[in-house]
Each structure stands twice: as structure tokens, then as C-alpha cells.
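Notes follow once the structure below has been shown.
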Ligand code: GLU
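Okay, structure coming up:
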């Protein structure tokens, strides 16, 4: 790292001392882009400082009343990280773990994720420390409305376009969009993405996160002259990302044999590969119980309480749950079990040490969420495009565009790694390619 980068990094460590997730993602990014930071303009324009701080950030209170008439107050946030290449764009997460540090880390990741989709979207993230677990539909709807009454003034089709994330699926996007429309009096379709198909949503948007990850994996396999046919995949989580991975992996001949939740993991040796199983995953998600054991009861497979799926032998590991879900001992297991592909679905799923171990292992090929996890937002941008032209593409058209986008992200990542003499380091390659694109956009637009 050159002196300038070191200074930026030290300053950040001070100003964000109480934001562990945020520091973790930025520090790892600084390390990745280091080989590409020799251009003197970066220091002259203090570009790196401007890239590791959000342009702006809002926090607000969301008071709401539960079904028993009791008032609760949650904290809501929106970080508008970067508008360098388009309107702010990114998801909303409703989960008790949401803090300013978590939304900043998500907004940062989103900015660099969005940059290589080839579509003009900046980066943002938001959410609330609301726990949807055990809440009734009416309570969740009221919370979404309360959240939107605070958020609506900051968003809009050309300003900032939220979407879903953990705890926010198409059901919540519907309630958020309904509230936005009431309060603004405008049916402004692309003020939110992830909408239902009857009111401006895009086909394949629900599937896109997981499909995109598998398309990216398919390119890595191709590079090794392999295919998904007959491969075993271990997947964590059971939400939207995992659901899409199961479906596309099955379509391409692979088999997802695990799913996990906060309660443990299930092992399904036949694979999560039938419509009934996919539908059951959606049902588990909307039950609000946040447990995966129900799958084992329903399909008569093993459930391992309190454990993570990384101990199961497989060819491919796809973490799809949440940040820092995979620690050093898990990475050791993956390597010991001869897992050969590690492809991130969730944002920053590995701890710093675990990721280092995986990247440095010659036995395993790695892809980071900023590349392999960008399918969801890519189709969100396609949703915005369709809304803008008041048109709706067919499933085949959207799926094909998604595949092409994931493929071009793969190509850009591989080419940048090659250009900087980093071999087949797709994580560094992706970070460098996105960094170069955003920095060029920022330089072109002046201070
Ligand atoms: N939270 C999603 C992601 O990580 C969706 C963002 C979006 O569609 O705007 O990419």
C-alpha cells in the first residue's frame, strides 16, 4: 500500500472506530485495490477518501403500534453512498442486527457491486433494526408504512431507488410502494424495485440473486473445463438468495444438499430440487419463524441443530445467509473437505481471516459477493429500465440479459486480475475493475 492509502486507512480507523463491519469491508477493499492505486490523480483529488465515505446518510425513528396496542420504536437508516454512476440504488434490510455500521458496509458493497452491472446505478443501502420474527402480517404492513413515512422524502426514481434485502421481500416491497404512492400521490414505478408483477415488477427479479450467483459459478467452472453436472453444492441460509441458487443449480445439473438457518442446517442428499421444496422454502420465509428445521420435518431429512453446513463434503460452497457467517474453522473445513469453488451470495459472508485463508489456498477458487452476488441488483436495474419505457420483457429476455450481465462481470474481473498480474484472483480483479470505473466517473464529474 502506498503512503496515501495508508493515511486514508488510518484516518478511517479513527473516524469509524465503532463500526466493525464497515471497517472490515473497507480495509479488505483497500488491500484488494492497492495494486491499482499508483495513479497520482487519486491523491491529488483525494479520491480514495471520497470513495470510502458515504455521500450522505439519514437516520430516523419509526414508532409503530403492535396488535396488542403496545407502541414500539425502531431505528431506520438510509445511506446514499455513491451517485458517481447513477441514482443511489440498493436494498433495505429489516433485522435486529441492523446498525449504522451494517448499513454503511452494505452501501459500500452495493456501490462496487452495482458498478460492473453495466447499468447506470449508484450505490445505497438502508433498513431498520426491526425484527420481523413472530410478527403478524398487519404488524409488518404497519411497520413498512411507518418506515416509508420517514423515508419517502429521500427517495425517487432519479434520486435513490430502494429494494429488498434480508427481511424485505416482494410482500414488504408491495407495502412500502403502496405507502410511497399514498404519501407522494405519484405512481412512480421505479421509486422502488422488486415490485410484484402486477404493478411494474420485472420477471425473474425474485429469482435473480440466486440465478446470477449460479451463472457466475458456471463461468468459473467453464474456466476449469468443468460443468455443474453432478456437482454437490453446500448452501447456507434459506431465503431469497438460497432459493434462487437451488433452482438454477438444479436446472444446470447440480444438487444443493444443505440449507441453514439460525437454528442449524438440514442435509438433503437428494438435493433441494423439486417445486414442492422450492415452495416450502418460500413458505418458511414468510412464516416469520426464521427456522430451517421445519424443512427436515416436512421432507424427512436430517437436521443438525446449532451447526453450520460447511462440514458437509461438497464441490462448491455458496454462503447465502449473512455477514461473517463463515469463520476460520469453517474455511479450514472447506479446504480439508476438498471443496473447490467458494462463491459468495451474501454480502461479506466470511470473516477477514477466513477469506484470507480461502483466497490463499491453491485448492479453492473464490468469487466475492461484489461480483457473484450482483444478480439481484442487476435485474433491479432492468426493472427500472422497463418502468422507464413502460414495457415488460419476457422471462426469457430478462433471464438472458441477467446471464449476459453476470458473464460480463466475470470477464471484467478476470481481465483486471490478469492486467495487474494477479493471476485468477477474481475478488481482487472485480474490486479493481469496479474501482477504476467509479474513479473515472468521479474524476470526469469534478469535485
Ligand atoms: N439487497 C440486494 C443486493 O444485495 C438488492 C439491491 C437492489 O436490488 O437494489 O443486491
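Numbering (our numbering), first residue to last: 158 to 604.
The C-beta atom is built at its ideal place from N, Cα and C for all residues, glycine as well.
Values in this document were obtained by computation on a predicted structure and should not be read as measured data.
Please report the distance separating the alpha-carbon of residue i from that of residue j.
i           : j           : result
residue 558 : residue 340 : 34 Å
residue 587 : residue 450 : 36 Å
residue 283 : residue 521 : 33 Å
residue 286 : residue 253 : 4 Å
residue 354 : residue 186 : 36 Å
residue 515 : residue 523 : 7 Å
residue 437 : residue 425 : 14 Å
residue 473 : residue 462 : 22 Å
residue 430 : residue 242 : 38 Å
residue 277 : residue 594 : 11 Å
residue 605 : residue 226 : Missing from the structure shown is residue 605; the chain here goes from 158 to 604 and no further.
residue 211 : residue 383 : 41 Å
residue 528 : residue 300 : 32 Å
residue 549 : residue 272 : 24 Å
residue 328 : residue 600 : 40 Å
residue 343 : residue 598 : 31 Å
residue 356 : residue 350 : 11 Å
residue 376 : residue 295 : 43 Å
residue 530 : residue 454 : 30 Å
residue 589 : residue 477 : 24 Å
residue 238 : residue 182 : 14 Å
Could you check if residue i is buried or exposed, using at least 16 other CB atoms within 10 Å of its CB as the buried criterion?
i           : result
residue 479 : buried
residue 363 : buried
residue 444 : exposed
residue 326 : buried
residue 228 : exposed
residue 544 : buried
residue 662 : Summary: the structure shown does not reach residue 662, with the chain confined to residues 158 through 604, and so no result is reported for it.
residue 337 : buried
residue 604 : exposed
residue 397 : buried
residue 167 : exposed
residue 452 : buried
residue 319 : buried
residue 470 : exposed
residue 267 : buried
residue 264 : buried
residue 169 : buried
residue 315 : exposed
residue 385 : buried
residue 381 : exposed
residue 171 : exposed
residue 406 : buried
residue 486 : exposed
residue 538 : buried
residue 602 : exposed
Contact check, residue i vs residue j under 8 Å by CB: the rounded distance?
i           : j           : result
residue 275 : residue 565 : 6 Å
residue 199 : residue 596 : 7 Å
residue 541 : residue 347 : 4 Å
residue 525 : residue 368 : Actually they are not in contact, since the Cβ atoms of residue 525 and residue 368 sit about 18 Å apart, beyond 8 Å.
residue 607 : residue 324 : Any property of residue 607 remains undetermined from this structure, which presents the chain solely from 158 to 604.
residue 414 : residue 428 : 6 Å
residue 321 : residue 345 : At roughly 18 Å, the Cβ-Cβ gap does not stay under 8 Å, so residue 321 and residue 345 are not in contact.
Can you list the beta strand (DSSP E) stretches of 3 or more residues lying completely in the region 236 to 288, in chain order?
245 to 251 and 280 to 285
Which runs of the alpha helix (DSSP H), 4 residues or longer, sit entirely within the region 451 to 476?
none
Measuring CB atoms only, is the region 505 to 513 touching the region 285 to 301, in the sense that at least three cross pairs come out at less than 8 Å?
no
For the region 258 to 270 against the region 415 to 425, are there 3 or more C-beta pairs whose distance is under 8 Å?
no
Are the region 557 to 577 and the region 364 to 380 in contact at 8 Å, needing three or more beta carbon pairs?
yes
Is the region 220 to 238 touching the region 570 to 578 in the sense that three or more CB pairs, one from each, lie closer than 8 Å?
no
Alpha helix (DSSP H) runs wholly inside the region 515 to 596, at least 4 long, in chain order:
526 to 529, 532 to 545 and 552 to 576
Three-pair Cβ contact test at 8 Å for the region 229 to 249 versus the region 184 to 198
no
Taking three-plus beta-carbon pairs below 8 Å as touching, is the region 492 to 499 in contact with the region 326 to 333?
no
Is the region 223 to 232 close to the region 199 to 208, with three or more CB pairs under 8 Å?
no
Whole runs of the alpha helix (DSSP H) within the region 371 to 445, excluding any shorter than 4 residues:
397 to 408 and 432 to 444
Taking one C-beta from the region 480 to 494 and one from the region 402 to 413 each time, how about it: are there three or more such pairs within less than 8 Å?
no
Segments of 4+ residues assigned as alpha helix (DSSP H) that fall wholly inside the region 170 to 205:
177 to 190 and 197 to 201
Runs of alpha helix (DSSP H) wholly within the region 283 to 342 (minimum 4 residues, chain order)
294 to 308 and 327 to 341
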